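Asker: First, the structure itself, so that you have it in front of you.
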Amino acid sequence: MPMQPDRALARLAENPVFSALAQAQLLNLLEHSHLRCFQRGQTIFDVGQPCEGLHAVLDGHVKVYARASDGHEKVIDVVGRGHSLPGTHQVRSEPHAYHARALGDTALLVVPHEVLRNELHLDRDMAARLLEDAGRQVRRMMREIEITALCSAAQRVCDYLLNLPTLSEHTSEISRVVTLPVSKGVVASLLSITPEHFSRVLRELQTDGLIDMHQRTIRLLAPDRLAHRR
42 MPMQPDRALA
52 RLAENPVFSA
62 LAQAQLLNLL
72 EHSHLRCFQR
82 GQTIFDVGQP
92 CEGLHAVLDG
102 HVKVYARASD
112 GHEKVIDVVG
122 RGHSLPGTHQ
132 VRSEPHAYHA
142 RALGDTALLV
152 VPHEVLRNEL
162 HLDRDMAARL
172 LEDAGRQVRR
182 MMREIEITAL
192 CSAAQRVCDY
202 LLNLPTLSEH
212 TSEISRVVTL
222 PVSKGVVASL
232 LSITPEHFSR
242 VLRELQTDGL
252 IDMHQRTIRL
262 LAPDRLAHRR
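Residue numbers (this note's numbering): 42 to 271.
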């Protein structure tokens with residue numbers, strides 16, 4: 042079902058690049074951009090296709106991934122509501138370096154390069170926010186490369202769990218509850234381990250009393266101990 046304009050406007054304001062814009066600016070962006078909706082499994086773009094503009098996720102989750110000639114996939118990033126797809130921050134058209142696919146019902150706003158350039162010329166603060174957002178993505182991906190190269194699979198899983206947003210209604214002083222935003226297979230690929238290894242680490246953490254797991258919902262029973270898991 043297409044996203045209604047008022048809801049799209051509110052979701053666009055959650056994106057750090059556009060969060061400080063006035064209502065009139067947001068409306069102008071929405072009017073001159075392309076609101077697109079995808080169902081689970083639909084391709085958003087493929088490697089080599091020209092990038093049409095900044096891709097802002099308004100709802101759902103998008104898997105950004107590389108694919109080898111034998112069909113093997115490696116998840117590069119999983120992007121949810123309020124964030125932009127990596128590699129789409131440029132202000133001129135370049136070929137996409139990765140594939141992107143919707144992991145569920147997903148809404149995207151594609152802000153064309155020309156529209157983005159015009160806004161950046163008028164609003165220097167927005168230009169700074171765009172650079173900051175791209176910089177955050179680069180730093181996060183560099184950290185993920187470091188963790189993948191230097192940490193064990195168990196450490197990677199613990200680090201991932203600890204960095205998931207907490208479900209506020211289940212927060213306490215000694216434990217907190219998180220939920221996997223996507224399937225275990227996608228998370229495993231993101232962490233550069235097999236789905237079987239990911240499930241095994243989760244079972245070990247549960248056996249050791251560090252987590253309590255029910256499907257995608259996970260209670261972190263001892264976050265401090267989890268942070269030092271080896």
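Glycine residues also receive a C-beta, built at the ideal position from the N, C-alpha and C atoms. This structure is a prediction, so every number in the text was calculated from the model and none was measured.
In the DSSP assignment, find the beta strand (DSSP E) that holds residue 119 and state where it starts and stops.
Answerer: 114-121 is the extent of the beta strand (DSSP E) around residue 119.
Asker: Tell me, please, which residues DSSP counts as bridged to residue 252.
Answerer: BP columns for residue 252 point to 261.
Asker: If you follow the alpha helix (DSSP H) that residue 46 is part of, which residue opens it and which one closes it?
Answerer: That run of the alpha helix (DSSP H) goes 46-53.
Asker: By alpha-carbon positions, which one of 229, 237, 220 and 226 ends up nearest to residue 254?
Answerer: Checking every option, the nearest Cα to that of residue 254 belongs to 220.
Asker: May I have the straight-line CA-CA distance separating residue 98 from residue 256, to the nearest angstrom?
Answerer: Computed Cα separation, rounded: 25 Å.
Asker: Under 8 Å, with one C-beta from each stretch per pair, do the region 221-237 and the region 106-116 reach the 3-pair mark?
Answerer: Because the criterion of three Cβ pairs below 8 Å is met, the region 221-237 and the region 106-116 touch.
Asker: Would you kindly report the start and end of the unbroken beta strand (DSSP E) that includes residue 149?
Answerer: Looking at the DSSP string, the run of the beta strand (DSSP E) that includes residue 149 is 147-153.
Asker: Specify the secondary structure class of residue 244 as computed by DSSP and reduced to three states.
Answerer: In the structure shown, residue 244 sits in a helix (DSSP, three-state: H, G or I).
Asker: Comparing the C-beta of residue 112 with each C-beta of chain B, is any distance below 8 Å?
Answerer: The structure shown contains no chain B, having only a single protein chain.
Asker: With respect to the alpha helix (DSSP H) encompassing residue 165, which residues constitute its N-terminal and C-terminal limits?
Answerer: 165-191 is the extent of the alpha helix (DSSP H) around residue 165.
Asker: Roughly how far, in whole angstroms, is the beta-carbon of residue 94 from the beta-carbon of residue 157, given that I think they are within contact range, below 8 Å?
Answerer: Residue 94 to residue 157, Cβ: 6 Å. Contact.
Asker: Taking DSSP as the reference, what is the three-state secondary structure of residue 57?
Answerer: DSSP places residue 57 in coil when its eight states are reduced to three.
Asker: Here's the rule: buried if 16 or more other CB atoms are within 10 angstroms of the residue's CB, otherwise exposed. What is residue 151?
Answerer: Counting Cβ neighbours within 10 Å, residue 151 comes out buried, since at least 16 surround it.
Asker: Can you tell which of 134, 141, 247 and 85 has the C-alpha that lies nearest to the C-alpha of residue 107?
Answerer: Selected option, being the one with the closest Cα: 141.
Asker: Output needed for residue 280: all residues of its chain with C-beta closer than 8 Å, excluding positions within five of it in sequence on either side, in chain order.
Answerer: Because the chain in this structure spans residues 42 to 271, residue 280 falls outside the shown range and cannot be described.
Asker: Taking the C-alpha atoms as reference points, what is the distance between residue 243 and residue 162?
Answerer: Each residue's Cα considered, the two are about 49 Å apart.
Asker: So does the region 127-136 actually touch the region 65-73, counting three or more Cβ pairs closer than 8 Å?
Answerer: Contact between the region 127-136 and the region 65-73 is absent, because fewer than three Cβ pairs lie under 8 Å.
Asker: What are the boundary residues of the beta strand (DSSP E) that includes residue 219?
Answerer: Its beta strand (DSSP E) spans residues 217-220.
Asker: Tell whether a beta-carbon distance below 8 Å holds between residue 153 and residue 92.
Answerer: In this structure, residue 92 does not lie closer than 8 Å to residue 153 by Cβ.
Asker: Under a Cβ-count criterion, where at least 16 other Cβ atoms within 10 Å of its own Cβ denotes burial, should residue 63 be classed as buried or exposed?
Answerer: Residue 63 is exposed by the Cβ-count criterion.
Asker: Within its chain, find whatever has a CB closer than 8 Å to the CB of residue 270; leave out the 5 residues flanking it on each side and keep chain order.
Answerer: Around residue 270: 195, 196, 199, 246 and 251.
Asker: Just the C-alpha distance for residue 65 and residue 239, rounded to the nearest angstrom, thanks.
Answerer: So the two alpha carbons sit approximately 46 Å from each other.
Asker: What whole-angstrom Cβ distance do residue 121 and residue 96 have, given they're in contact under 8 Å?
Answerer: Incorrect: roughly 13 Å between the Cβ atoms, too far for contact.
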